[in-house]
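Visitor: Would you mind keeping the following structure in view while I ask a few things?
Number of protein chains: 2
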Amino acid sequence: MHEELRLDNQLCFRLYTVSRLITQAYTPFLCQLGITYPQYLVLMVLWEQDSQPVNDIAHRLVLETNTVTPLLQRMEKQGLVKRSKGKEDGRQTLVSLTKKGKELEEQAFNCIPSGMGQRMDPCQLSLEDYAQLRSKIDTIINKLK
Amino acid sequence: MHEELRLDNQLCFRLYTVSRLITQAYTPFLCQLGITYPQYLVLMVLWEQDSQPVNDIAHRLVLETNTVTPLLQRMEKQGLVKRSKGKEDGRQTLVSLTKKGKELEEQAFNCIPSGMGQRMDPCQLSLEDYAQLRSKIDTIINKLK
DNA sequence: ATTATTTATATCGCGAACGATTTAATGCGT
DNA sequence: ACGCATTAAATCGTTCGCGATATAAATAAT
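Here is the structure:
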């Protein structure tokens with residue numbers, strides 16, 4: 015039995031699990047808005063800055079366009095975003111929020127931060143814990159990216 | 015602009031990203047073994063304790079059986095595991111390692127810990143950092159589970 | 001200018017995740 | 001023993017994630 019191959023010693027397994035569990039915790043709130051977690055991420059990117067090419071969105075989310083394109087197509091079908099050809103660069107597809115997509119920001123703001131706060135409350139993470147966790151993960155992300 | 019909805023303030027997004035990036039870092043090593051990351055997780059569970067019902071494996075991996083069953087079916091097709099009906103409880107499907115599945119442990123041991131160690135090296139995480147990260151994530155996992 | 005190369009998206013195929021439903025075996029109450 | 005709820009897996013449908021490839025526009029090279 016190799017200690018290095020024990021599941022309990024795997025950082026990656028922990029991160030994979032916690033990522034799924036937190037996403038699941040989001041689900042009931044996102045359901046009310048009729049969106050999925052990856053769609054929520056796209057919306058957050060667009061709420062910060064509307065009308066971006068597919069590439070910029072993908073880059074911001076550290077995803078490939080072959081993941082983001084179908085995601086955006088589904089979001090367009092739901093009426094959350096509009097996709098249009100770039101005028102200066104004809105290769106680009108510019109993605110912008112529809113009225114419905116914009117309106118979701120207020121709805122998200124009203125239920126998600128408070129709801130998720132409550133959900134994470136029993137974890138008893140101090141702001142300091144939180145900041146530490148954040149910075150260590152950022153280190154890993156930046157080195158692997 | 016709501017600060018709470020900024021992508022950069024989202025713990026979940028970080029965890030989701032880092033999880034994907036580390037999984038991607040595993041990929042070249044796992045490719046040599048002809049397996050995927052979730053398949054590697056299943057193998058680790060079985061290397062620790064061979065011949066387990068689907069439910070126990072799923073529980074250990076914090077996954078549902080509707081994720082694990084197809085995963086195991088693919089692994090059976092590849093000759094990594096064998097699936098057989100439980101004798102005492104006819105509802106169970108017992109999963110056990112084939113010769114090939116057992117042999118992969120040595121191969122994994124030979125390339126993965128060292129290879130991934132190198133890959134994670136530039137992150138400069140001390141053993142202490144690592145332990146802290148681990149315990150905080152465990153706290154979250156246990157509360158959400 | 002014409003061709004070659006790079007860049008931006010899109011398409012395709014497969015393996016996960018997961019909610020919802022189904023099937024089959026077990027256990028429980030009467 | 002009988003019916004009924006419970007439990008273990010499996011199946012189904014949809015969305016992701018991603019390697020590989022295709023398409024088309026822009027840019028560089030000759």
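If you read the sequences in order, they're chains D and W. Here the working numbering = 1-based position in the first sequence + 14. Here the working numbering = 1-based position in the second sequence + 14. The beta-carbon is built from N, C-alpha and C at its ideal position, and this holds for glycine as well.
1) Is the separation between the beta-carbon of L111 (chain W) and that of L44 (chain W) shorter than 8 angstroms?
2) So L35 (chain W) is in the alpha helix (DSSP H); what residue range does that whole segment cover?
3) When we look at the beta-carbon of Q66 (chain W) and count the other beta-carbons within 10 Å, is it buried (16 or more) or exposed?
4) Going by DSSP, what residue range makes up the beta strand (DSSP E) through R97 (chain D)?
5) For L94 (chain W), tell me which candidate among W:Q53, W:R133 and W:S128 has the shortest Cα-Cα distance.
6) Can you pull the chain W residues whose beta carbon is under 7 angstroms from the beta carbon of K157 (chain D), in chain order?
7) Residues in the same chain with beta-carbon distance under 8 angstroms from F51 (chain W), minus the five sequence neighbours each way, listed in chain order, please.
8) Alpha carbon to alpha carbon, how far is T83 (chain W) from Q92 (chain W)?
9) Suppose only complete runs of 4+ residues qualify. What are the alpha helix (DSSP H) ranges in the region 43 to 84 of chain W, listed by chain order?
10) Give me the subset of the region 35 to 46 of chain D whose CB atoms are less than 9 angstroms from a CB atom of chain W, sorted by chain position.
11) Where do the ends of the alpha helix (DSSP H) carrying L141 (chain D) lie?
12) Counting beta carbon pairs with one atom in the region 140 to 155 of chain D and one in the region 137 to 154 of chain W, are three or more of them shorter than 8 angstroms?
13) If the cut is a Cβ gap below 9 angstroms, which residues of chain W does A145 (chain D) touch?
14) I'd like the list of long-range same chain contacts for R88 (chain D), defined as Cβ closer than 8 angstroms, with 5 residues on each side in sequence excluded.
15) Output, in sequence order along the chain, the residues in the region 123 to 134 of chain D whose CB is closer than 7 angstroms to any CB in chain W.
16) Between D:T81, D:I154, D:Q132 and D:V56, which has its C-alpha nearest V109 (chain D)'s C-alpha?
17) Among D:P136, D:G115 and D:R133, whose alpha-carbon lies nearest the alpha-carbon of G48 (chain D)?
18) Provide the residue span of the beta strand (DSSP E) that contains L118 (chain D), from first to last.
19) Who are the near neighbours of I155 (chain D) in its chain, counting only those whose CB is closer than 8 angstroms to its CB and skipping five residues on each side?
20) Quick one: what's got a C-beta closer than 6 angstroms to T107 (chain W)'s C-beta in the same chain, skipping five residues either side?
21) How about C137 (chain D) and Q46 (chain D): are their beta carbons less than 8 angstroms apart?
22) Tell me the DSSP bridge mates of L108 (chain W)?
23) How about L55 (chain D): is its C-beta nearer than 8 angstroms to some C-beta of chain W?
24) With a threshold of 8 angstroms between beta-carbons, can E142 (chain W) be considered close to chain D, or not?
25) Report buried or exposed for S33 (chain D), applying the criterion of at least 16 other Cβ atoms within 10 angstroms of its Cβ.
26) When DSSP labels each residue in this structure, what does Q87 (chain W) get in the three-state scheme?
27) Drop a sphere of 10 angstroms on the beta-carbon of T31 (chain W), count the other beta-carbons inside from all chains shown, and report buried for 16 or more, exposed for fewer.
Guide: On the basis of the supplied data:
1) Indexing the second sequence from 1 puts residue 111 (chain W) at position 97. Indexing the second sequence from 1 puts residue 44 (chain W) at position 30. Not closer than 8 angstroms, so no.
2) For this step, residue 35 (chain W) is matched to residue 21 along the second sequence. Per DSSP, L35 (chain W) belongs to the alpha helix (DSSP H) from L25 to L47.
3) Residue numbering aside, residue 66 (chain W) sits at position 52 when the second sequence is read from its first letter. The C-beta of Q66 (chain W) has 16 or more other C-beta atoms within 10 Å across all chains shown, which makes the residue buried.
4) Residue 97 (chain D) sits at position 83 when you count from the first residue of the first sequence. It spans V95 to K99 - the beta strand (DSSP E) in which R97 (chain D) sits, taken as one unbroken run.
5) Your numbering for residue 94 (chain W) matches position 80 in the second sequence. Of the candidates W:Q53, W:R133 and W:S128, the one whose C-alpha sits nearest the C-alpha of L94 (chain W) is W:Q53.
6) Locating residue 157 (chain D) in the first sequence gives position 143, counting from the first residue. Near K157 (chain D) (Cβ distances below 7 angstroms), the residues of chain W are P136 and C137.
7) Taking the first residue of the second sequence as position 1, residue 51 (chain W) is located at position 37. Here residue 51 (chain W) is Tyr; the residue named in the question, Phe, does not match the sequence. Answer for Y51 (chain W): T37, Y40, T41 and L44, listed in chain order.
8) The residue labelled residue 83 (chain W) in the question sits at position 69 within the second sequence. The residue labelled residue 92 (chain W) in the question sits at position 78 within the second sequence. Approximately 14 angstroms between the Cα atoms of the pair.
9) DSSP runs (the alpha helix (DSSP H)) wholly in the region 43 to 84 of chain W: 51 to 62 and 68 to 74.
10) Those residues of the region 35 to 46 of chain D that come within reach of chain W (Cβ to Cβ, closer than 9 angstroms) are L35, I36, T37, Q38, A39 and Y40.
11) Position 127 of the first sequence, counting from 1, holds the residue named residue 141 (chain D). Counting along the chain, the alpha helix (DSSP H) containing L141 (chain D) begins and ends at L141 to L158.
12) Touching, per the Cβ criterion.
13) The residue given as residue 145 (chain D) occupies position 131 in the first sequence. Those do not exist, as A145 (chain D) stays about 11 angstroms from chain W at its closest Cβ, beyond 9 angstroms.
14) Indexing the first sequence from 1 puts residue 88 (chain D) at position 74. Hits under 8 angstroms: Q53.
15) Flagged, chain order: F123 and P127.
16) Here residue 109 (chain D) refers to the residue found at position 95 when the first sequence is read from its first residue. It is D:V56.
17) Stepping through the first sequence from its first residue, residue 48 (chain D) is reached at position 34. Minimum Cα distance to G48 (chain D) is reached at D:G115.
18) Numbered from 1 along the first sequence, position 104 holds the residue referred to as residue 118 (chain D). Not the beta strand (DSSP E): L118 (chain D) falls in the alpha helix (DSSP H), residues K113 to M134.
19) Working through the first sequence from its first residue, we reach residue 155 (chain D) at position 141. For I155 (chain D), same chain residues with a beta-carbon under 8 angstroms away, outside a window of 5 residues either side, are V76 in chain order.
20) Here residue 107 (chain W) refers to the residue found at position 93 when the second sequence is read from its first residue. Closer than 6 angstroms at Cβ, skipping near neighbours: V68 and R97.
21) Start at 1 with the first residue of the first sequence, and residue 137 (chain D) comes out as number 123. Start at 1 with the first residue of the first sequence, and residue 46 (chain D) comes out as number 32. No, they are not a contact pair.
22) Locating residue 108 (chain W) in the second sequence gives position 94, where the first residue counts as 1. Beta-bridge partners of L108 (chain W) (DSSP): W:P67 and W:S98.
23) Numbered from 1 along the first sequence, position 41 holds the residue referred to as residue 55 (chain D). Yes, because at least one Cβ of chain W sits closer than 8 angstroms to the Cβ of L55 (chain D).
24) As a position in the second sequence, residue 142 (chain W) is number 128, starting the count at 1. At a cut-off of 8 angstroms between C-beta atoms, E142 (chain W) does not count as an interface residue with respect to chain D.
25) Residue numbering aside, residue 33 (chain D) sits at position 19 when the first sequence is read from its first letter. Buried, by the Cβ-count rule.
26) The residue labelled residue 87 (chain W) in the question sits at position 73 within the second sequence. In this structure, Q87 (chain W) counts as helix in the three-state DSSP scheme.
27) Against the second sequence, residue 31 (chain W) aligns to sequence position 17. The residue in question, T31 (chain W), is buried, as its Cβ has 16 or more Cβ neighbours within 10 Å.
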